[in-house]
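Residues in the sequence shown are numbered consecutively from 454, following my numbering. Taking it in order: structure first as structure tokens, then the write-up.
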Amino acid sequence: MRFKRNNSLSEILPRPVAFVFSGGTSLGAVQVGMLMGVFEANIVPDLLVGTSVGAINAASVGQGFTKSRLQHLASIWSGLKTSDVFGRTGLKSALSLLSGRGALSSADNLLRLLETHLPNSHSDLVIQTAVVATEFLTGSPVILAKGDLVLNILASSAIPMIFPPVTVGGRQLVDGGVVAHVPLAQAEMLGAQTMVVFDVGYPCKLSKLPKGPKEKALHFITLMLHRQSFGLLSVLNPNLTVIYLPAPCPLDVPAYDFSQGSRLISAGFESAHSFLAELSFTGRGIYGNPHVHDDPMHISMEVESSMPRLLLLH
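Encoded structure:
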């Protein structure tokens, strides 16, 4: 994998520059490769904003956007197993969901992972880092940018039905992806003039359906949250600059499989590297788009729109 720094885009991009990280569970490894491509292009962040697994990667970069930090992050992702993130499986998952916890998995494994690799407080980071969660009661987005870093990220990563809600400041919070899978609006609220978007996309080329309850839930949630990306750019302030890095495509790794970290990192790097190598910055505007192709939704809409006419012929 190539990994060197070239001449700087940072000199011409409007500042502050925010790196904006989507959710995506195991596909978060793609963001590590994208980060390497952005590092190579010498784009330097002033602000980091992340949702769910993107919050984890944002906090990791918040400790320093350096080659050694990215290599360390890559080594963590390359060594992950699904059991490092999720707890109980099978019957225990079902019993947990039926219990008062209302979740298929304990967050204990994820908590240990966060405590091992991240500092305790936002104040320990060298780059301003904000994570986005969702208030369980109201469905409102919540920006967490100070205090207990690990607790805030645990809340941002509390995938509904998978992990239990997390209480922060007296409020029960769940995964930020419920309302802000790609937290562009939150980055704008925090003052970003340029947003570099690390959206992992979705597994568009799976060959088989998931089997277990946890796997099925994660697959469904991934597809549902990805739909949020459509139309996001149309509601942003037109005076902002957005560099929307392309997600790897085709992608055949399910969002619940953490054993493919190295492959996803390589795919993310190649995707970002190729895009940035060809990018010609001509001023404020939008460069790139979310991961959309041969969209089944449009196909089904076309079929449905023809049905009334067909019925009239009977």
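We treat Cβ as the ideally placed atom computed from N, Cα and C, and that holds for glycine. Keep in mind that this is a model prediction, so the values were computed, not measured.
Can you tell me which of the three DSSP states I580 falls into?
Within the sequence shown, the letter at position 127 stands for residue 580. Residue state, collapsed to three classes: coil.
On the three-state DSSP scale, how would you describe F673?
One-based indexing of the sequence shown puts residue 673 at position 220. In this structure, F673 counts as helix in the three-state DSSP scheme.
Excluding five sequence neighbours on each side, which residues of the same chain lie with their C-beta closer than 8 Å to the C-beta of P469?
Mapped onto the sequence shown, residue 469 falls at position 16. Taken in chain order, the residues that qualify are D499, L500, G644, A645, Q646, T647.
Within the present structure, is the beta-carbon of Q484 separated from the nearest heavy atom of the ligand ADP by less than 7 Å?
The ligand ADP is not among the ligands present in this structure, which contains no ligands whatsoever.
Given 8 Å as the limit, is there contact between the region 676-687 and the region 627-644, that is, 3 or more CB pairs closer than that?
Here the region 676-687 lies against the region 627-644, with 3 or more beta-carbon pairs under 8 Å apart.
In chain order, which alpha helix (DSSP H) runs of at least 4 residues are fully inside the region 487-520?
Taken in chain order, the unbroken stretches of alpha helix (DSSP H) that lie wholly in the region 487-520 and span 4 residues or more are 506-515.
Relative to the C-alpha of A560, which candidate in K520, S609, A512 has its C-alpha closest?
In the sequence shown, counting from the first residue as 1, residue 560 sits at position 107. Closest option to A560, Cα to Cα, is S609.
Could you tell me the alpha carbon to alpha carbon distance between F728 and G623, rounded to whole angstroms?
As a working note, residue 728 is residue 275 in the sequence shown. As a working note, residue 623 is residue 170 in the sequence shown. Between F728 and G623, the C-alpha separation is close to 43 Å.
Measure from the alpha carbon of Y697 to the alpha carbon of each residue in S479, H744, N562, K534, then state which is nearest.
The sequence position of residue 697 within the sequence shown is 244, counting from 1. Closest option to Y697, Cα to Cα, is H744.
If you draw a straight line from the C-alpha of V585 to the C-alpha of E731, how long is it?
For the purposes of this step, residue 585 is identified with residue 132 of the sequence shown, where counting begins at 1. For the purposes of this step, residue 731 is identified with residue 278 of the sequence shown, where counting begins at 1. Roughly 32 Å between the two C-alpha positions.
Looking at L567: is its Cβ nearer than 8 Å to the Cβ of I606?
Looking up residue 567 in the sequence shown gives position 114. Looking up residue 606 in the sequence shown gives position 153. It is a contact, given that the beta carbons lie within the stated cut-off.
Through-space distance from Y740 to A583, alpha-carbon basis
One-based indexing of the sequence shown puts residue 583 at position 130. One-based indexing of the sequence shown puts residue 740 at position 287. Distance between the alpha carbons of A583 and Y740: 24 Å.
Taking only runs that begin and end inside the region 659-726, name each unbroken beta strand (DSSP E) of 3 or more residues, in chain order.
DSSP runs (the beta strand (DSSP E)) wholly in the region 659-726: 694-697.
Going by C-alpha distance, which of A482, N495, S479 is nearest L466?
Taking the first residue of the sequence shown as 1, we reach residue 466 at position 13. Nearest C-alpha to L466: N495.
Which class does E588 belong to by DSSP, given the choice of helix, strand or coil?
Stepping through the sequence shown from its first residue, residue 588 is reached at position 135. E588 falls in the strand class under three-state DSSP.
Per DSSP, S574 is paired with what?
Translated into positions along the sequence shown, residue 574 becomes position 121. Answer is D601.
Classify G490 as buried or exposed, calling it buried when 16 or more other Cβ atoms lie within 10 Å of its own Cβ.
Position 37 of the sequence shown, counted from the first residue, corresponds to residue 490. Burial is judged here by how many other beta carbons sit within 10 angstroms of a residue's own beta carbon; G490 has at least 16 and is buried.
Limits of the unbroken beta strand (DSSP E) element including Q639
The residue labelled residue 639 in the question sits at position 186 within the sequence shown. Per DSSP, Q639 belongs to no beta strand (DSSP E); it is in the alpha helix (DSSP H), 637-642.
Can you tell me whether P707 is buried or exposed, with buried defined as 16 or more other CB within 10 angstroms of its CB?
The sequence position of residue 707 within the sequence shown is 254, counting from 1. Result: buried.
L626 in three-state terms, based on DSSP:
Taking the sequence shown and counting its residues from 1, the one referred to as residue 626 is at position 173. In this structure, DSSP gives L626 an extended state, which the three-state scheme calls strand.
Can you give me the Cβ contacts of R522 inside the same chain, cut-off strictly under 8 Å, excluding the 5 residues immediately before and after it?
Residue numbering aside, residue 522 sits at position 69 when the sequence shown is read from its first letter. Once the five neighbours on either side are set aside, the close Cβ partners of R522 are S513, V514, Q516.
Measuring only the C-alpha atoms, how far is F518 from L659?
Counting from one through the sequence shown, the residue named residue 518 turns up at place 65. Counting from one through the sequence shown, the residue named residue 659 turns up at place 206. Between F518 and L659, the C-alpha separation is close to 33 Å.
Cβ pair count under 8 Å reaching 3, the region 520-536 against the region 588-597
Using a Cβ-Cβ distance cut-off of 8 Å, the region 520-536 and the region 588-597 are not in contact, since fewer than three pairs of beta carbons, one from each stretch, lie closer than that value.
Taking the alpha carbon of G477 as the point to measure from, which residue in C702, G654, V695, S593 has its own alpha carbon closest?
Along the sequence shown, read from residue 1 onward, the residue named residue 477 stands at position 24. The shortest CA-to-CA distance from G477 to any of C702, G654, V695, S593 is the one to G654.
Give me the Cα-Cα distance between V619 and Q524, rounded to the nearest whole angstrom.
Along the sequence shown, read from residue 1 onward, the residue named residue 619 stands at position 166. Along the sequence shown, read from residue 1 onward, the residue named residue 524 stands at position 71. V619 and Q524 have their C-alpha atoms some 30 Å from each other.
May I ask you to report which of helix, strand or coil DSSP gives T735?
Locating residue 735 in the sequence shown gives position 282, counting from the first residue. Looking at T735 - three-state DSSP - the assignment turns out to be coil, as it is neither helix nor strand.
Going along the chain, which residues of its own chain have a beta-carbon closer than 6 Å to the beta-carbon of V627, five neighbours each way excluded?
Within the sequence shown, the letter at position 174 stands for residue 627. Hits under 6 Å: T587, F589, A611, P613, P618.
Would you mind sorting E464 into buried or exposed? The rule is 16 or more other CB atoms within 10 Å of its CB.
As a working mapping, residue 464 is identified with position 11 in the sequence shown. Exposed is the call here.
Which of helix, strand or coil does DSSP assign to I529?
Counting from one through the sequence shown, the residue named residue 529 turns up at place 76. Reduced to three states, the DSSP call for I529 is helix.
Out of V595, Y709, V497, state which residue places its alpha-carbon closest to the alpha-carbon of K520.
In the sequence shown, counting from the first residue as 1, residue 520 sits at position 67. Looking from the CA of K520, the closest CA among V595, Y709, V497 belongs to V497.
Take I674 and list the residues in its own chain whose beta-carbon comes closer than 7 Å to its own, dropping the five residues that flank it on each side.
In the sequence shown, the residue the question calls residue 674 occupies position 221. Exclusion of the five residues before and after I674 leaves I612 as the residues of its chain whose Cβ lies within less than 7 Å of its Cβ.
Quick one: what's T647 bridged to in DSSP?
Taking the first residue of the sequence shown as 1, we reach residue 647 at position 194. Answer by DSSP bridge pairing, in chain order: V470, T694.
Classify V745 as helix, strand or coil using the three-state DSSP reduction.
Locating residue 745 in the sequence shown gives position 292, counting from the first residue. It is coil, neither helix nor strand.
Considering just the uninterrupted stretch of the beta strand (DSSP E) at T620, what are its terminal residues?
Stepping through the sequence shown from its first residue, residue 620 is reached at position 167. Where T620 is concerned, the enclosing beta strand (DSSP E) stretches over 619-621.
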